[in-house]
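The structure under discussion appears below in the form of structure tokens.
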Amino acid sequence: MGEFRQARWVEPLVFEISRESKRGHRFPRMNGLLKAALREALKDMPENLRREKRIDLPCLSEVDVVRHFTRLSQMSFGVDTGLYPLGSCTMKYNPKVNDAVASSDSIRYIHPYQPEETVQGILEIMYTLSSWFAEITGMSKFSLQPSAGAQGELTGALIIRAYHKRNGEGDVRDEIIVPDSAHGTNPASAAMAGFKVIVVPSDMNGCVDIEALKEAVSSRTAGLMLTNPNTLGIFEERILEISEIIHDAGGLLYYDGANINAILGKVRPGDMGFDIVHLNLHKTFSTPHGGGGPGSGPVGVKEHLKDFLPVPLVDFDGERYYLNYDVPYSIGRVRAFYGCVDVLLKAFMYILIMGAEGLEKASEISVLNANFLARKLSEIRGFSLPYGKDKPRKHEFVLSCSDLKHETGVTARNVSKRLLDYGIHAPTIYFPLIVKEALMIEPTESESIESLKEFVNVFAEISNEAYMKPELVLDAPHNTSVSLVDEAAASHPKTMCLSWRMYKSKLLSGERVKG
Ligand SMILES: *Cc1c(COP(=O)(O)O)cnc(C)c1O
3 MGEFRQARWV
13 EPLVFEISRE
23 SKRGHRFPRM
33 NGLLKAALRE
43 ALKDMPENLR
53 REKRIDLPCL
63 SEVDVVRHFT
73 RLSQMSFGVD
83 TGLYPLGSCT
93 MKYNPKVNDA
103 VASSDSIRYI
113 HPYQPEETVQ
123 GILEIMYTLS
133 SWFAEITGMS
143 KFSLQPSAGA
153 QGELTGALII
163 RAYHKRNGEG
173 DVRDEIIVPD
183 SAHGTNPASA
193 AMAGFKVIVV
203 PSDMNGCVDI
213 EALKEAVSSR
223 TAGLMLTNPN
233 TLGIFEERIL
243 EISEIIHDAG
253 GLLYYDGANI
263 NAILGKVRPG
273 DMGFDIVHLN
283 LHKTFSTPHG
293 GGGPGSGPVG
303 VKEHLKDFLP
313 VPLVDFDGER
323 YYLNYDVPYS
333 IGRVRAFYGC
343 VDVLLKAFMY
353 ILIMGAEGLE
363 KASEISVLNA
373 NFLARKLSEI
383 RGFSLPYGKD
393 KPRKHEFVLS
403 CSDLKHETGV
413 TARNVSKRLL
423 DYGIHAPTIY
433 FPLIVKEALM
443 IEPTESESIE
453 SLKEFVNVFA
463 EISNEAYMKP
473 ELVLDAPHNT
483 SVSLVDEAAA
493 SHPKTMCLSW
503 RMYKSKLLSG
513 ERVKG
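Note that the working numbering has the sequence shown beginning at 3, numbered continuously upward.
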């Protein structure tokens, strides 16, 4: 196993290394023409929006900036550093060529207010991309506006509401059903759109309990939100039956497509009976995530819901591409302009390069990798695979270390921290809630057999440590730039320190600031 040591720089904030005299770049002096233009522009600016005072930006040389950010990057961990098996997040490698295209000048300098005839190229790309998404998912039309999976869900939930309202049932259909294994954003989005959330339990096989579902549906059912394969990585085989139950009750089916990496080219949500879908481009389609964005969560619908999509849609009239605002029952805009165009472009490039066969192959390998790990890891002492040890998984699986906890005191949290010491990012833990001491693992197709075997070896080593020298695991991580964090203090409003302004006022008031 390779030695892993993360850098441990004692790195001050940029504000702390700032010196008045330092400059990284000097803007050209303003000429008379520019000055006059600026005066002219300021004339119309309301008094209360003007700022006379100088803003407190740090003053740094180029060397300061480069070293500062290089050091910080050495203290963090990403998909480009090593294995990142964060379940439900599809942290796969994102080909750099797509970044290069997305940041080319012809893309960077387009402005959303340009006249349509001057941006036909990017509109064509967006139109083509949305038709590819429609084909991949079995929907008929996509909006590329939403900026995240959760925003896609909210958009979908608002479409469900608008649809029932249009049918004169806006007040009666006020319930959305979600399984107890759902991603937390599902019930949150439904509630945000004004629905009451009804939770249905999972059965012994980790799938929706059909009997419980039958009991949960009624004339108040507006829809069901489901991800398939579910968060246990198990494919809901009775999906057609589920779809029939919901449709017979007058509800709509929403597909949480964050897990589409598992089924690309194999099966389509549209063919499973779903009416609305969102995709997470920042998981499956070549945009990294985890740092807060930008992301993209396009939403697709079947023919009968087309007229409810957000405006504008990108359309083609046979001669030119245009922004279509003529959508009769549109829920309106959900985002400024037309979506995160750079992320859309990377998805376009990714699909173009992979082709239909490539996408299918990626899915196959991601599933193969997950099943290889599921089998190997569940054979290690202290770990088990609940909900059917021999049942095949799709892109991910949920391991439990309940036995390890009872026998050694080492928890899922401890194991995940210890993994960091071996240069492997922690998996998602304690989710879904239906598995005790859960470690949710998604290796993705990017990992080679060598790196998967190394992962298995590391797990076996951690299991040994837990039984022989539990302190080693309980106090982990040891080799990272930041040691075991006091999670309660880190997230408590009293101790949390999120900005330079907060930090400074805490320092001034003499409070102790935790790093
Ligand atoms: C990631 C994820 C989401 C939410 O996506 P965001 O872009 O983080 O808002 C929703 N559902 C599932 C299953 C996910 O994995």
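Idealized CB from N, CA, C, for every residue including glycine. The structure presented is a predicted model; accordingly, all values stated were derived computationally and were not measured.
Original post:
How is the beta strand (DSSP E) around residue 224 delimited, first residue to last?
Top reply: For this step, residue 224 is matched to residue 222 along the sequence shown. Per DSSP, residue 224 belongs to the beta strand (DSSP E) from 223 to 228.
**OP:** Take residue 325 as the anchor and find which of 453, 200, 146, 345 has the nearest alpha-carbon.
**Re:** On the sequence shown, position 323 is the one that residue 325 refers to. Looking at the Cα atoms, 146 is the closest of the given residues.
**OP:** Could you name the residues of the same chain whose beta carbon sits closer than 6 Å to that of residue 125, not counting the 5 residues immediately before and after it, in chain order?
**Re:** Position 123 of the sequence shown, counting from 1, holds the residue named residue 125. The answer, listed in chain order, is 316, 323.
Original post:
Which first and last residues belong to the alpha helix (DSSP H) in which residue 344 is found?
Top reply: In the sequence shown, residue 344 corresponds to position 342, counting from 1. That run of the alpha helix (DSSP H) goes 343 to 380.
Subject >> Nearest-angstrom Cα separation, counted from residue 78 out to residue 242 >> reply: Position 240 of the sequence shown holds residue 242. Position 76 of the sequence shown holds residue 78. Rounded to whole angstroms, residue 242 to residue 78 spans 44 Å at the Cα level.
Subject >> Nearest neighbour of residue 287, chosen from 494, 360, 75, 213 [CA to CA] >> reply: The residue given as residue 287 occupies position 285 in the sequence shown. It is 360.
**OP:** Identify every residue that forms a DSSP beta bridge with residue 302.
**Re:** In the sequence shown, residue 302 corresponds to position 300, counting from 1. DSSP links residue 302 through a beta bridge to 144, 279.
Subject >> Which residues DSSP lists as bridging residue 434, in chain order >> reply: Within the sequence shown, the letter at position 432 stands for residue 434. In the DSSP output, where bridge partners are listed per residue, residue 434 has none listed.
Original post:
Alpha carbon to alpha carbon, what distance is there between residue 247 and residue 270?
Top reply: By 1-based counting over the sequence shown, the position of residue 270 is 268. By 1-based counting over the sequence shown, the position of residue 247 is 245. Roughly 19 Å between the two C-alpha positions.
Subject >> Collapsed DSSP secondary structure at residue 71 in the structure displayed >> reply: To locate residue 71, count along the sequence shown from 1; it is residue 69. Three-state result, residue 71: helix.
Subject >> Neighbourhood of residue 462 by C-beta distance below 6 Å, restricted to the same chain and skipping five residues each side >> reply: In the sequence shown, counting from the first residue as 1, residue 462 sits at position 460. The answer, listed in chain order, is 382.
**OP:** Determine, using beta-carbon pairs with one atom in the region 431 to 443 and one in the region 403 to 416, whether at least three such pairs fall under 8 Å.
**Re:** yes
Original post:
Taking all protein chains shown into account, do 16 or more other C-beta atoms lie within 10 angstroms of the C-beta of residue 375, making it buried, or fewer, making it exposed?
Top reply: Within the sequence shown, the letter at position 373 stands for residue 375. With 16 or more other Cβ atoms within 10 Å, it is buried.
Original post:
Sorted by chain position, which residues of the same chain lie with C-beta nearer than 8 Å to residue 171's C-beta, five sequence neighbours on each side aside?
Top reply: Position 169 of the sequence shown holds residue 171. Contacts found: 252.
Original post:
Is residue 282 near ligand 2, judged by its Cβ being under 8 Å from some heavy atom?
Top reply: As far as ligands go, the structure on display features ligand 1 and does not contain ligand 2.
**OP:** Alpha carbon to alpha carbon, how far is residue 407 from residue 291? Give it in angstroms, no decimals.
**Re:** For the purposes of this step, residue 291 is taken as the residue at position 289 of the sequence shown. For the purposes of this step, residue 407 is taken as the residue at position 405 of the sequence shown. For residue 291 and residue 407, the distance between alpha carbons rounds to 32 Å.
**OP:** Indicate whether residue 362 and residue 267 have their beta-carbon atoms separated by less than 9 Å.
**Re:** Locating residue 362 in the sequence shown gives position 360, where the first residue counts as 1. Locating residue 267 in the sequence shown gives position 265, where the first residue counts as 1. In this structure, residue 362 places its C-beta atom within 9 Å of the C-beta atom of residue 267.
**OP:** For residue 210, count neighbouring C-beta atoms within 10 Å of its own C-beta (all shown protein chains included) and say buried if the count is 16 or more, exposed if not.
**Re:** Working through the sequence shown from its first residue, we reach residue 210 at position 208. Counting Cβ neighbours within 10 Å, residue 210 comes out buried, since at least 16 surround it.
**OP:** Quick one: which unbroken alpha helix (DSSP H) runs of 4-plus residues sit fully inside the region 246 to 276? Chain order, please.
**Re:** 271 to 274
**OP:** Return yes when at least one heavy atom of ligand 1 lies under 8 Å from the C-beta of residue 169, else no.
**Re:** To locate residue 169, count along the sequence shown from 1; it is residue 167. Residue 169: no, Cβ never under 8 Å from ligand 1.
Original post:
Within 10 angstroms of its Cβ, does residue 517 collect 16 or more other Cβ (buried), or is it exposed?
Top reply: To locate residue 517, count along the sequence shown from 1; it is residue 515. Here residue 517 scores only 46 on pLDDT, less than 50, and its place in the model should not be relied on; the value that follows carries that caveat. Exposed, since its Cβ has fewer than 16 Cβ neighbours within 10 Å.
Original post:
Taking the DSSP output, what are the residues bridged to residue 324?
Top reply: Start at 1 with the first residue of the sequence shown, and residue 324 comes out as number 322. DSSP lists 317 as the bridge partner or partners of residue 324.
Original post:
In terms of DSSP beta bridges, what is residue 179 paired with?
Top reply: The sequence position of residue 179 within the sequence shown is 177, counting from 1. In the DSSP output, where bridge partners are listed per residue, residue 179 has 200, 226.
Subject >> the region 84 to 93 touching the region 445 to 463, judged by at least three CB pairs closer than 8 Å >> reply: yes
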